[in-house]
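These notes concern the structure reproduced below.
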């Protein structure tokens, strides 16, 4: 039986309302913790864009500065659960939201590159008069850190150029796509990289986001409802969901620059460590064998088998213990006493 014109209209209207409700689902407001994170941060200018950052004095030695570099699609808030611990170990703790992520500006149509993200980081540190740092990075932040390492090694070999440069004291990575051959992007990431399918990201909402990001956490360490809402709020800030396809070009850059960035790790004069959550579908355990094969001089901490892609959120105490253990070997808080014959 054919539907009448009025019935068709009502069905179309009802469908349109459902689609609108799906796309405009209202998530809870940002938590007190996320609001406080933003309120205690600052902004600096990169060209026409504003970049959010935090710069906090800790209780450690003044000369010990740590730079935290976050991953995709989240923000510096990823380090909130280890922030207090870092403040107790370092004299200064610095983190920023990359261009296109978190509370930073998110220009639509911008050509997002790892080189620019690294340059923004260097610009921030120069503005803060920081010349030496320990780097703690995650995911996309690992790739930015590798570009910073590459630049450091190049400048280290060319001191005659005379220009001051950022010196890296140690590098600790976490669950990043260091080796493209052992990195397996999620379905949503593959869709966003596709020229014709990327517009579908406009149809994503809180539920699709929650499902996508929840899949990379361990089964027993899933974010709380408040955490999911905060992650989503950070993504949607300044319409950030519209620029995610552009940001994901870093995956292609990983392939194009593999030899350069992996080569920097292999030639590194800087101590390198990896803290790894093995329940990570993006970087499954085959990564560990590849890491040990290509970087025999580097060290790695493999966390409990239920820890996934966000170890510093899923098991912050284990991450701090692993990180501080690494630091104690390469930059001990107390110097060993010299012994002599009597």
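In mature numbering (1 follows the signal peptide of the UniProt record, and there is no 0), the protein residues as written are -21 to -1, 1 to 321.
We put the CB at the ideal spot given by N, CA and C, even for glycine.
{"Asked": "Span separating the alpha-carbon of residue 106 from that of residue 23", "Found": "9 Å"}
{"Asked": "Residues sharing a beta bridge with residue 150, DSSP", "Found": "114 and 251"}
{"Asked": "Burial state of residue 40, where buried means 16 or more other Cβ atoms lie within 10 Å", "Found": "exposed"}
{"Asked": "Range of the contiguous beta strand (DSSP E) that encloses residue 208", "Found": "Run containing residue 208: none in the beta strand (DSSP E); it sits in the alpha helix (DSSP H), 204 to 215."}
{"Asked": "Spatial distance of residue 32 from residue 285 (CA atoms)", "Found": "31 Å"}
{"Asked": "Where residue 70 sits in the DSSP three-state scheme", "Found": "strand"}
{"Asked": "Three-state secondary structure (DSSP) of residue 133", "Found": "helix"}
{"Asked": "Segments assigned alpha helix (DSSP H), at least 4 residues, entirely inside the segment 12 to 63", "Found": "none"}
{"Asked": "Between the CA atoms of residue 200 and residue 293 - distance to the nearest angstrom", "Found": "5 Å"}
{"Asked": "Buried or exposed by the 16-neighbour rule on C-beta atoms within 10 Å, applied to residue 236", "Found": "buried"}
{"Asked": "Residue 309 - partner residues in DSSP beta bridges", "Found": "In DSSP, residue 309 forms no bridge with anything."}
{"Asked": "Nonlocal neighbours in the same chain, by C-beta distance under 6 Å from residue 264, ignoring five residues either side", "Found": "257"}
{"Asked": "Cβ shell of residue 197 (< 6 Å), same chain only, five flanking positions each side left out", "Found": "258, 285, 286, 287 and 293"}
{"Asked": "Nearest to residue 76 (by Cα), restricted to the options 88, 64, 44 and 34", "Found": "34"}
{"Asked": "Stretch pair the segment 117 to 128 + the segment 40 to 58: three plus CB contacts closer than 8 Å", "Found": "yes"}
{"Asked": "Same chain only: Cβ atoms within 8 Å of residue 21, ignoring 5 sequence neighbours per side", "Found": "31, 32, 33 and 34"}
{"Asked": "Helix, strand or coil at residue 90 [DSSP, three-state]", "Found": "coil"}
{"Asked": "Residue nearest to residue 59 in terms of C-alpha spacing, selected from 74, 69, 68 and 99", "Found": "74"}
{"Asked": "Sub-8 Å separation of residue 274 and residue 251 beta-carbons", "Found": "yes"}
{"Asked": "CA nearest to the CA of residue 152, picked from 253, 27, 268 and 281", "Found": "253"}
{"Asked": "Exposed unless 16 or more other CB atoms sit within 10 angstroms - verdict on residue 222", "Found": "buried"}
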